[in-house]
Amino acid sequence: MSRHSETYLQGIPTKPYDLLREGLILLLFWAVVIGGLAALFGSPDYPAVRGEDVAQRQPLAFLKTSANLLAGTNSLQGYGPLYSPDTGNAQRFLGVAPADWAGVTHPIDSPATSSSNPWRGWPS
Amino acid sequence: MNLTESAQRCLRDNLPLEDLLPTRMPTYVNSLSYLFGASALSVLVALVVTGILLSLFGPDWYHGSRLGHFVNSCHFWGVQVFFGTLLMHLITKFLMAASRDGRWKTWAVGALAFGIAMFTGLTGFLLQGNWDAQWIALQAKDAVNALGAGALFNPMNIGQVLTLHVVVLPLGVVALVGLHLSCIRRDGPVKPL
């Protein structure tokens, strides 16, 4: 035993123990539980939503948002750092906006990303 | 100074084979409360195995394959069981005041491993490639940006999230769990109150 545990456990009665056997039994038990839960309940998988889907299913809403984006009046465009330079809108924590310190590190071209790019590939 | 000799001496003094793989245990180790930590470790093994399978076939595999969906579901439920057993481990050890007798290091390393495991869980949910992942990424970015960490970690950057989830964070969790286990085996199980 290590010097530390030898001193700590001095005079304490012990019993036989098999660490690896206990570990394997536990692994098998939890594998069966997890496999059973997976087979019974599966996992959530609601499909991702793409700009194209919105354009096809809600064309008017998409056009309205696109017009706002192209006019530069959509609220997403004024999010602030890290995506746009509007420092006044940066996320704050206890009144401090640490995102301002790094500035715009992930610039997002909202009109292209959310409006014009989803139209590409559509039949003209 | 011979580094190899020092490492040998350190291992011999702190973690000999009798402690690393014990064949005897104090008789007071006879309660279910001692099982939650070992359970969390077993589930971590299951998470690593299912995670390797998922990473072999890529994050989109499970959307179009029944086997892939089952493996993903095992990984998903493994995470729920992992945090459930981890929470029980935390509560029982707190009630046993298990940080007594110089075991604060074990607690500190365990708490750090718990924190990194939670961040690993977040990156896993971001990797689902579905509506849930989109929603979580867009909500999480505000919190990350408010804390000033947005320039380092972008929840909407799938490449960064993938490498963090399958390489960097699991290595961190496994290393810290290894250190946590070494502390436990070196000190022995804490005596009952």
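First to last, the protein sequences are chains A and B. Residue 407 is where the first sequence starts when you use my numbering, and the numbers rise one by one after that. Residue 384 is where the second sequence starts when you use my numbering, and the numbers rise one by one after that. For glycine and all other residues, C-beta sits at the position ideal for the given N, C-alpha and C.
Output, in chain order, the set of chain A residues within a Cβ distance shorter than 8 Å of residue i.
i      : result
B:M384 : Those do not exist, as B:M384 stays about 21 Å from chain A at its closest Cβ, beyond 8 Å.
B:L564 : In chain order: nothing, as chain A lies at least about 11 Å away.
B:T410 : I418, P419, T420 and K421
By the DSSP assignment, the beta strand (DSSP E) with residue i in it spans what residues?
i      : result
B:R407 : R407 to P409
A:T420 : T420 to P422
Please classify residue i as buried or exposed, where buried requires at least 16 other C-beta atoms within 10 Å of its C-beta.
i      : result
B:M501 : exposed
B:T489 : buried
B:R486 : buried
B:L400 : exposed
B:C457 : buried
B:A496 : buried
B:Q391 : exposed
A:Y423 : exposed
A:T511 : exposed
B:G533 : buried
B:P538 : buried
B:M384 : exposed
B:D570 : buried
A:I431 : exposed
B:C393 : exposed
A:G494 : exposed
A:Y485 : buried
B:T387 : exposed
A:V393 : Residue numbering for chain A in the displayed model covers 407 to 530; residue 393 of chain A lies beyond these limits and cannot be assessed.
B:A516 : buried
B:Q522 : exposed
So which residues of chain B does residue i contact, with C-beta pairs closer than 8 Å?
i      : result
A:E428 : A421
A:G441 : C457
A:D424 : T406
A:L482 : The contacting residues do not exist; A:L482 stays about 10 Å from chain B at best.
Taking the alpha helix (DSSP H) that residue i falls in, what are its first and last residues?
i      : result
B:L403 : L400 to L403
B:N528 : W514 to A529
B:T433 : L418 to F440
A:T511 : Taken as a continuous stretch (DSSP letters only), A:T511 belongs to no alpha helix (DSSP H), as it is neither H nor E.
B:P575 : Run containing B:P575: none; DSSP gives neither H nor E here.
A:D515 : Careful: A:D515 lies outside any alpha helix (DSSP H) and carries neither H nor E.
B:S456 : R449 to L478
A:V460 : G457 to R463
A:F435 : L425 to F447
B:M501 : W487 to L509
B:G542 : I541 to T546
B:N397 : L386 to N397
Kindly list, in the order they appear in chain B, the residues whose Cβ is closer than 9 Å to that of residue i.
i      : result
A:A508 : G531, G533, A534 and L535
A:R498 : A529
A:P504 : N528, A529, L530, G531, A532 and G533
What does residue i touch in chain A if you count any residue whose Cβ is under 7 Å from its own?
i      : result
B:P553 : Residues of chain A passing the Cβ test: none, with the nearest at roughly 18 Å.
Would you mind telling me which residues of chain A sit closer than 9 Å to residue i, beta carbon to beta carbon, in chain order?
i      : result
B:P538 : Chain A residues near B:P538: none, gap ~11 Å exceeds 9 Å.
Given that residue i touches chain B, what residues does it touch there, using C-beta distances under 7 Å?
i      : result
A:S411 : D402, R569, D570 and G571
A:A437 : A429
A:L488 : N528, G533 and A534
>> Under 8 Å: do the region 521 to 538 of chain B and the region 498 to 517 of chain A share three or more Cβ pairs, one atom per stretch?
In response: The region 521 to 538 of chain B is in contact with the region 498 to 517 of chain A.
>> Please list, in chain order, the residues of the region 449 to 469 of chain B that have any C-beta partner in chain A closer than 7 Å.
In response: Against chain A - using a Cβ distance shorter than 7 Å - the residues of the region 449 to 469 of chain B are H452, F453, N455, S456, C457, F459, W460, G461 and V464.
> For the region 446 to 462 of chain B against the region 426 to 443 of chain A, are there 3 or more C-beta pairs whose distance is under 8 Å?
Replying inline: Contact between the region 446 to 462 of chain B and the region 426 to 443 of chain A is present, because at least three Cβ pairs lie under 8 Å.
> Using Cβ-Cβ distances below 8 Å, what residues of the region 420 to 447 of chain B are close to chain A?
Replying inline: Of all residues in the region 420 to 447 of chain B, A421, S422, L424, S425, V426, V428, A429, Y445 and H446 have a Cβ within less than 8 Å of some Cβ in chain A.
> Going along the region 445 to 465 of chain A in order, which residues come within less than 8 Å of chain B, judged by CB to CB distance?
Replying inline: Result list: A445, F447, G448, S449, P450, D451, Y452, P453, A454 and V455.
> Of the residues that make up the region 494 to 524 of chain B, which ones have a beta carbon closer than 9 Å to any beta carbon in chain A?
Replying inline: Those would be Q511, G512, N513, W514, D515, A516, Q517 and K524, in chain order.
>> Check whether the region 531 to 544 of chain B and the region 492 to 512 of chain B are in contact - that is, three or more C-beta pairs closer than 8 Å.
In response: A contact exists between the region 531 to 544 of chain B and the region 492 to 512 of chain B.
> Below 8 Å, can you find three or more Cβ-Cβ pairs linking the region 463 to 473 of chain B to the region 408 to 422 of chain B?
Replying inline: Contact between the region 463 to 473 of chain B and the region 408 to 422 of chain B is present: 3 or more CB-CB pairs across the two stretches fall below 8 Å.
> On the three-pair Cβ rule with 8 Å, is the region 546 to 563 of chain B touching the region 425 to 436 of chain B?
Replying inline: These segments touch.
> For the region 389 to 405 of chain B, which residues have a CB atom closer than 8 Å to at least one CB atom of chain A, in sequence order?
Replying inline: For the region 389 to 405 of chain B, which is checked against every Cβ of chain A, the residues closer than 8 Å are D396, N397, L398, P399, E401, D402, L404 and P405.
>> Closer than 8 Å is the cut-off here; do at least three beta carbon pairs connect the region 559 to 575 of chain B with the region 402 to 412 of chain B?
In response: Contact between the region 559 to 575 of chain B and the region 402 to 412 of chain B is present, because at least three Cβ pairs lie under 8 Å.
> When you check each C-beta in the region 511 to 525 of chain A against every C-beta of chain B, which residues fall closer than 8 Å?
Replying inline: From the region 511 to 525 of chain A, only T511 and H512 have a Cβ closer than 8 Å to chain B.
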